Amino acid sequence: MPAKLDLQKRIAAKLMKCGETRVRFDPERLDDVAEAITR
Numbered sequence: 185m186p187a188k189l190d191l192q193k194r195i196a197a198k199l200m201k202c203g204e205t206r207v208r209f210d211p212e213r214l215d216d217v218a219e220a221i222t223r
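Sequential numbering from 185 applies to the sequence shown in the numbering used here.
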């Protein structure tokens, strides 16, 4: 994993109205997720 994605995971879970454990990121797109603007 390139970076800690805790914040991105929390935001995605809130957006999808589910638990953080249900959020999974595509391993091929982890760099894009890490670079995403949060908040």
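Glycine included, every Cβ here is placed at the ideal spot set by N, Cα and C. The model shown is predicted, which means the values in this text are computed figures rather than measured ones.
In this chain, the alpha helix (DSSP H) harbouring residue 195 covers 190–200. The beta-carbon separation of residue 204 and residue 213, rounded to 18 Å, does not stay under the 8 Å limit for a contact. In this structure, DSSP gives residue 215 a helical state, which the three-state scheme calls helix.
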